[in-house]
Amino acid sequence: MRSHLLNGLTAEHYRRSVTEGVERVAAKLATTDRPFTGVTVDALAPVVDAIDLDRPLGDTAAVLDELEDVYLRDAVYFHHPRYLAHLNCPVVIPAVLAEAVLCAVNSSLDTWDQSAGGTLIERKLIDWTAARIGLGPAADGVFTSGGTQSNLQALLLAREEAKADGLARLRIFTSEAGHFSVRKSATLLGLGPDAVVALPVDRDQRMQTVALARELERCASEGLVPMAVVATAGTTDFGSIDPLPEIAALCAQYGVWMHVDAAYGCGLLASLKHRDRIEGIEHADSVTVDYHKSFFQPVSSSAVLVRDAATLRHATYHAEYLNPRRMVQERIPNQVDKSLQTTRRFDALKLWMTLRTMGADGIGQLFDEVCDLAREGWRLLAADPRYDVVVEPSLSTLVFRYIPADVTDPAEIDRANLYARKALFASGDAVVAGTKVAGRHYLKFTLLNPETRTADIAAVLDLIAGHAEQYLGESLDRAS
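Take the sequence shown: its letter number 193 is residue 636 in my numbering, and every next letter is one higher.
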């Protein structure tokens with residue numbers, strides 16, 4: 444069994460095995476003609492269940508053959524131009540290469556004596572991102588597993604900085620279009636069910652700052668403690684960007700921690716054309732960025748940034764076997780001192796190799812392309828009498844609803860849109876997402892693939908309309 448351990452003696456075995464795996468994936472990418480096969484749970488689950496994990500196949504070639512049946516053939520391929528659903532991006536090749544390197548070396552980014560150069564690379568990238576945001580010379584941060592963890596850590600710091608004498612008095616403000624992880628974080632942090640105050644949004648799905656001002660004033664008058672305001676730079680459903688400068692002014696006026704969830708909108712930090720859309724982010728006390736959304740990085744690659752490095756002390760714990768306090772005096776950099784995780788992958792290498800290969804402008808150009816594509820898609824939808832589109836895109840998301848000419852029952856229209864999404868997914872021809880707006884079912888394009896064209900959007904709109912019309916025709920037949 445030692446022949447499977449990666450070391451100097453097995454280097455050639457490693458080279459052959461990885462090369463074969465890369466060749467299989469490359470062939471699959473080159474020949475995949477739709478984003479999904481349409482396989483059902485009932486069809487695929489028995490294939491996986493039939494595998495006896497206690498009877499190994501013995502070599503990687505046989506395992507790759509089996510993997511074709513249980514994964515590769517039926518995977519949802521985000522690189523396909525008609526994958527238009529969630530915040531999943533196609534990935535850039537330098538980052539995929541980095542993934543292979545970091546897995547093989549297997550550094551753990553908790554302490555210097557496990558990562559050395561990896562520690563310095565991560566710190567350099569944190570400094571680079573903080574400078575792009577404009578957080579100032581005292582800024583710091585750490586890589587995380589994703590936006591949910593980044594938001595959790597930011598709100599942990601905000602809770603500790605609030606210095607309240609009781610958790611029940613703390614309040615967090617976010618818009619009703621904000622991410623669900625804010626509520627999840629509040630629960631994990633031991634706050635009460637009323638801790639998160641969801642503020643109404645305007646017609647562009649942005650936080651209403653008048654409502655924020657009113658709630659902050661109410662907090663003060665009722666003896667409550669405003670712990671944090673979570674502004675969103677790129678909501679999951681609409682890609683909307685809250686009015687950051689106005690929110691920053693209110694946070695300064697009331698002495699409240701300002702967190703910006705820029706998990707989606709962080710791509711604007713590299714944008715050549717649209718950077719001004721996140722003006723005001725530089726006033727934040729903490730910022731969430733997801734490089735695995737709009738920087739075209741493989742999952743996972745996220746970070747939480749803070750204006751004041753000293754606030755990261757709230758996540759610091761020492762263990763004699765890992766990061767004893769004396770290491771601080773010896774100026775030994777241990778990333779575990781500011782992370783919620785202990786053992787942690789060297790995910791920063793992916794962004795490092797991307798920047799060193801493509802540069803920030805290369806990333807920004809790709810993100811600008813999908814933002815511009817969304818604008819073209821909005822024009823298509825606005826001109827198409829079959830569809831109602833909710834808002835003009837701020838980033839690369841379009842939310843819309845098929846509206847048949849001769850059906851007026853909103854519930855029936857809901858069912859037609861739900862059916863169209865399900866039928867489209869089952870066909871494998873395209874993948875789109877769905878959400879609710881004012882209690883009604885809508886469809887959603889999240890455009891993160893620069894290879895997607897306006898013609899792809901038009902074709903998918905035709906497919907959706909066809910499925911919806913089929914449902915309505917069958918529904919009419921059943922009713923008669």
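Note that CB positions come from ideal geometry on N, CA and C, so glycine has one too.
Task: Secondary structure of G909, DSSP reduced to three states - done: Under the three-state reduction of DSSP output, G909 falls in the helix class.
Task: contact_flag[the segment 750 to 769, the segment 593 to 609] where n(CB pairs < 8 Å) is 3 or more - done: The segment 750 to 769 vs the segment 593 to 609: in contact.
Open item on the list: Could you tell me the alpha carbon to alpha carbon distance between C546 and R787, rounded to whole angstroms?
Closed with: When the Cα atoms are used, C546 and R787 turn out to be separated by approximately 12 Å.
TODO: Please classify T754: does DSSP put it in a helix, a strand, or coil?
DONE: Helix, per DSSP.
- [ ] Round the Cβ separation of S551 and N594 to the nearest angstrom and send it over; I've been treating them as touching at under 8 Å.
- [x] So it is not a contact: roughly 24 Å between Cβ atoms.
TODO: Would you mind giving the Cβ-Cβ distance between V519 and P478, rounded to the nearest angstrom? I have them listed as a contact below 8 Å.
DONE: About 6 Å; that satisfies the 8 Å criterion.
Open item on the list: Along the chain, where does the beta strand (DSSP E) containing D733 start, and where does it finish?
Closed with: Element bounds for D733: 729 to 733.
- [ ] Below 6 Å CB to CB, which residues in the same chain sit around A791 once its five sequence neighbours on both sides are set aside?
- [x] Hits under 6 Å: I564, E565, L568, F586.
Open item on the list: In this structure, how does DSSP classify D556 when only helix, strand and coil are distinguished?
Closed with: DSSP, reduced to helix, strand and coil, places D556 within a helical segment of the structure shown.
- [ ] Specify whether the segment 687 to 701 and the segment 726 to 734 touch according to this definition: at least 3 beta carbon pairs, one from each stretch, less than 8 Å apart.
- [x] The segment 687 to 701 and the segment 726 to 734 touch, with no fewer than 3 CB-CB distances between them shorter than 8 Å.
TODO: Sort out for me which residues DSSP pairs F586 with in a bridge.
DONE: Checking the DSSP bridge columns, you'll see F586 partnered with A746.
TODO: Starting from the Cα of A898, find the closest Cα among R822, F789, A692 and give me that residue.
DONE: Nearest C-alpha to A898: R822.
Open item on the list: Between which two residues does the alpha helix (DSSP H) holding T800 run?
Closed with: Taken as a continuous stretch (DSSP letters only), the alpha helix (DSSP H) holding T800 covers 791 to 826.
Task: beta strand (DSSP E) segment containing S615, residue limits - done: Correcting the residue identity first, residue 615 is Ile in this sequence and not Ser. Looking at the DSSP string, the run of the beta strand (DSSP E) that includes I615 is 613 to 618.
Task: Residues that DSSP places opposite L886 in a beta bridge - done: L886 has F843, G877 as its beta-bridge partners, per DSSP.
Task: Neighbourhood of T797 by C-beta distance below 6 Å, restricted to the same chain and skipping five residues each side - done: If we look at T797 and ignore the five residues flanking it on each side, its Cβ neighbours are V535, P537, A538.
Task: Local conformation of A528 per DSSP, three classes - done: If DSSP states are grouped into helix, strand and coil, A528 belongs with coil.
Open item on the list: Which runs of the alpha helix (DSSP H) at least 4 residues long sit entirely within the segment 493 to 528? Give them in chain order.
Closed with: Considered as a whole, the segment 493 to 528 harbours 503 to 510 as its complete alpha helix (DSSP H) runs of no fewer than 4 residues, in chain order.
Task: Outcome for H447 when other beta-carbon atoms lying within 10 angstroms are tallied against a minimum of 16 - done: By the neighbour-count criterion, in which 16 or more other beta carbons inside 10 Å mark a residue as buried, H447 falls on the exposed side.
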